[in-house]
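With mature numbering (1 follows the signal peptide of the UniProt record, and there is no 0) as the guide, the letters of the sequence shown map in order to residues -24 to -1, 1 to 872. By construction, the Cβ of each residue, glycine as well, lies at the ideal position given by its N, Cα and C atoms.
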Amino acid sequence: MGSLWGSIVLLCGVFLLRADGSAAQQTKTNVPRLKLSYKDMLESNNLVTFEGLANSSSYHTFLLDEEKGRLVVGAKDHIFSFNLLNISRDYTQIPWPASSTRRDECKWAGKDLSRECSNFIKVLQPFNQTHLYVCGTGAFHPVCSYLEVGKKLEDNVFRLDPLVENGRGKSPYDPKLLTASMLIDGELYAGTSADFMGRDFAIFRTLGKHHPIRTEQHDSRWLNDPRFVGVHLIPESDNPEDDKIYLLFKENAMDGEHTGKATHARIGQLCKNDLGGHRSLVNKWTTFLKARLICSVPGSNGIDTHFDELQDVFLMSTKDPKSPIIYAVFTTSSNIFKGSAVCMYSMTDIRRVFLGPYAHRDGPNYQWVPFQGRVPYPRPGTCPSKTFGGFDTTKDLPDEVVTFARSHPAMFNPVHPINNRPIIVKTDVDYQFTQIVVDKVEAEDGQYDVMFIGTDMGTILKVVSIPRGSWHDLEEVLLEEMTVFREPTAITAMELSVKQQQLYIGSDIGVSQMPLHRCEVYGKACAECCLARDPYCAWDGTECSRYFPMAKRRTRRQDIRNGDPLTQCSDLQHQDELSGQSTLLDKTVYGVENSSTFLECSPKSQRAVTYWQYQRSADDRKQEVQSEERFIRTDQGLLIRTLHKKDSGIYLCQAVEHGFMQTLLKVTLEVIDTERLEDLLHRDEEAAASVPAPHIPPPQESPNQKLWYRDFLSLVNHPTLNSVDEFCEQDTCVDKRGVCVLKRMAECIRTVYFTMMLLYLVLLGTAHTAQSIYPRIRLSHNELWQLNRTRVFQAHGASLQPQTMVLDESHERIYVGAKNTLFSLSLDQVNTNHREIQWASTESQIEECLMKGREKSECANYIKVLQQYNQTHLLVCGTGAFNPVCVLVRVGHTGQ
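See below:
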């Protein structure tokens, strides 16, 4: 019994510590410095969400229009237009569902009616200054149309042309298939499937003045079950005739290229002015070439770990438009080893591979080798122009060039990433990368590429790669991990607005918006701002705020490369900010001898290393608390497994990060003697036993119950106590903030948050009224039923709300509110003689509720208020499908 009392007393002290305490975690490799939950993001006003419509989903296709200030989103059966300032306030929508005939045909073909037989928007491309070109799956019957958006934002136009055209070769039939497209000079380049079964994959060019053109059909050397990720136009020279289209995709490895079944990431090229061949490859690409993209980690045993599942790409512009940097996100193909990586590629390396040897099958094993024969002129893959070769069109190319291009579409050498290794690798986490966007940020000590990486768990990672000495030696700094959706869901689309400094994220369940920087969350001191190493943020003399390169202020403090607060902030006058003394928390915790206690301490930064110091009194020398059998240092604080009397004293929680140390928490621990506690508890139990238990009203305190307060307070060396007020007047009971310890304990008792203290009081009252806290008899529901001592009313089809009940003893009835129903039950037997009133929402109310994006289960009338209005009427109120309503219900003098 004594040990139970001791455990509960010390737990109350621990909960008091948790009320205002801060945390320390030991550092881990590659952990985010800050980890913000969905609730943290909302409460700090750093997240705006659109949680979707009840009859829509799959918000996967984005088109950002910075000039008009709009984000156009394609989803299931809908197209949305959001305001870039706030996606939740000002948005318009256009329903574009598949026809009922197409849905029926899709269903009859064996497809899932809700998940596949709808119009999933897959293509959103700017057609001209006033229109977009949009395509959808159309319930396995692709369709396209034109969407008028106006020339300016003020035009306030968002209208879909009712005339539709065939979407074959533009949008996939199956919504699950990956597709990529880009509209250039009125022509749509798309990598997609072209048949119902999803077997004919091709790269198409449609629309425009030229005849449609595609890749060779049913030739695995060209494409082998590809899944397209991105399409980009990159100029080859200053001559527009040399412009090339680059496609990034993943496909099954070619026969003989890999033992067993494997996936390879590819980059393909096409000439923008390719018109196909004259006698061979008619209306087929004659300049198509592809090469493998390598993203791997070199192993110590000579075997590389490959990341082959290409997920997303982002092109970062440079001063030279011909040489953007390609950022690509990969995951592993293995079901056993799961990991993600980000690799960077240069166009110089890519062009070098396309000018290298072609892949050719030869030898006794018919294996892939570099082609050693004569390559025809002009070199296959070269665009017809005055720059290279002098041919005006691909139709003029010699037959041997076209024939060679048809049989040798693949390059032998792969494209390796910059530095021959990924810049980011994650293998020890429960998520995988899905999307990436990159922002180039100007900082005090140079330019940095800040990556925003989406995951399949609905989180965003904010990462910056910092060169230590050169680009061959990069340090990955994971700044933040932010949860941007209410529930875990894969992020499938992202767009970054440089003008608005906002990031827009899409998923199956909705769209979210967040700022690129949250400087205020790093802290209120120069050192904390400097340690963040965020290129967006700097210390401006008073707070951590947005860094602007043009602001020539001497007080700007920022060090991204080193993150050294000692050199950046040591000259500030307010040294207490640097040492953290201005925010030091001071706590007092009580523990019972031979029990355990936990001192919680949690720094804001997850990269900080924490350790504890102990001193017997304020005048004694400090000594570090070492981990041993009794003392265990954890990521969340210090666990003392067995308290001794000598453990009383002062404990300091200190955090060290990047060479900077600060004290976070000061805990004064007072250990209570076990023998004295046992003696007091036994005397208290003897006094309680003299009072007959049945005659003690539960809500009132007996004199014996008051004894416990006096005895407990005597444990902290206050034997002469007349009242709580007198006790609180004693200086030794008041903490440094002037708050009475007893009052804090009383608040702990009255607050539901401190559930263990409430449990303590319940056990105390039970011990005073009985010899044991255990029931003398325990009966199950079946036993009660057999004894005919229980009655059950089951409301078939109605969801009872247990909090909505009114007892009417004068009429011998109990009234129960439910979903769409009000019940009147007999007090004698609730399962017989009951009445009910149906009170459902109207169809228009339900439809209006669904249009607001609510779930169907929410759009009902849940009765939430039941009050006795007078002797004959009840006041009844319900949610009314998010349109609350109230009525008076007559019950009469008989309760009927």
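Asked, Found
"Expected contact under 8 Å - CB spacing of leucine 645 and valine 568 to nearest Å", "About 11 Å; that fails the 8 Å criterion."
"Neighbourhood of valine 391 by C-beta distance below 8 Å, restricted to the same chain and skipping five residues each side", "Ile243, Ala267, Arg268, Leu269, Ile270, Tyr321, Asp325, Ile326, Val329"
"Per-residue burial, lysine 563 [other beta carbons within 10 Å of its own, 16 or more giving buried]", "buried"
"Inter-stretch contact at 8 Å, needing at least 3 Cβ pairs: the region 372 to 386 / the region 485 to 492", "no"
"For glycine 813, three-class secondary structure by DSSP", "It should be pointed out that residue 813 corresponds to isoleucine in this sequence rather than to glycine. If DSSP states are grouped into helix, strand and coil, isoleucine 813 belongs with the strands."
"Contacting residues, own chain, Cβ-Cβ under 7 Å from threonine 808 (five flanking each side not counted)", "Ser802"
"Under 8 Å between C-beta atoms of valine 140 and lysine 44", "no"
"Beta-carbon separation (whole angstroms), isoleucine 302 vs tyrosine 424, contact threshold 8 Å", "That pair is no contact at about 18 Å."
"Assigned secondary structure, tyrosine 729 (DSSP; H/G/I helix, E/B strand, else coil)", "Because the pLDDT at tyrosine 729 is just 36, under 50, the model does not fix this residue reliably, and the value given afterwards should be weighed accordingly. The answer is coil: DSSP assigns tyrosine 729 none of H, G, I, E or B."
"Length of the line joining the Cα atoms of glutamine 2 and valine 453", "Residue placement at glutamine 2 cannot be trusted, given a pLDDT of 40 that sits under 50; the coordinates are not used to answer."
"Expected contact under 8 Å - CB spacing of phenylalanine 347 and proline 333 to nearest Å", "6 Å"
"Alpha helix (DSSP H) runs wholly inside the region 462 to 497, at least 4 long, in chain order", "none"
"As assigned by DSSP and simplified to three states, the class of cysteine 93", "coil"
"Integer Cβ distance of leucine 472 from valine 413, believed to fall under 8 Å", "4 Å"
"DSSP three-state assignment for arginine 343, whether helix, strand or coil", "Here the sequence assigns glutamine to residue 343, which means arginine is not the residue at that position. Three-state DSSP puts glutamine 343 in a strand."
"CA nearest to the CA of leucine 39, picked from Gln101, Thr68, Val133", "Gln101"
"Candidates Leu29, Thr610, His620, Pro579, of which the one nearest residue 876 by Cα", "Any property of residue 876 remains undetermined from this structure, which presents the chain solely from -24 to 872."
"Neighbourhood of threonine 363 by C-beta, 6 Å cutoff - its chain only, sequence neighbours within 5 removed", "Ser213, Asn215, Asp218"
"Counterpart residues of methionine 637 in DSSP-defined beta bridges", "Val632"
"Candidates Val647, Glu456, Thr610, of which the one nearest aspartate 16 by Cα", "Glu456"
"Beta-carbon proximity check, arginine 533 vs tryptophan 515, cutoff 8 Å", "yes"
"Cβ-heavy atom distance, valine 792 to the ligand FMN, below 7 Å", "Summarising the ligand content, the structure contains no ligands, and the ligand FMN is consequently not present."
"Same chain, Cβ closer than 6 Å to glutamine 411, neighbours up to 5 away in sequence not counted", "Asp288, Gly430, Ile467, Met470"
"8 Å Cβ cutoff met for valine 146 and alanine 115", "Sequence inspection shows lysine at residue 146; the valine mentioned does not correspond to that position. No, Cβ-Cβ distance for lysine 146 and alanine 115 is not below 8 Å."
"Test item: CB-CB of proline 541 and leucine 507 under 8 Å", "yes"
"Pick from Gln477, Ser441, Ile481 that is closest to methionine 458, judged by C-alpha positions", "Ile481"
"Distance between serine 94 and phenylalanine 134 (C-alpha atoms, nearest Å)", "22 Å"
"Boundaries (first-last residue) of the alpha helix (DSSP H) holding glutamine 544", "541 to 545"
"Inside the region 248 to 333 only - beta strand (DSSP E) runs reaching at least 3 residues", "265 to 269, 285 to 292, 301 to 307, 316 to 322"
"Coil, strand or helix - leucine 29 by DSSP", "coil"
"In chain order, each alpha helix (DSSP H) run of at least 4 residues that lies wholly inside the region 372 to 403", "375 to 383"
"Phenylalanine 306 beta carbon less than 8 Å from that of alanine 241", "yes"
"Exposure label - glycine 184; buried when at least 16 CB within 10 Å", "exposed"
"Sheet register partners of glutamine 821 (DSSP bridge)", "Glutamine 821 is not bridged to any residue."
"Coil, strand or helix - arginine 355 by DSSP", "coil"
"Close beta carbons around serine 441, own chain, < 8 Å, minus the five adjacent residues each side", "Ile399, Ile400, Tyr424, Asp425, Met427, Leu450, Glu451, Glu452, Val453"
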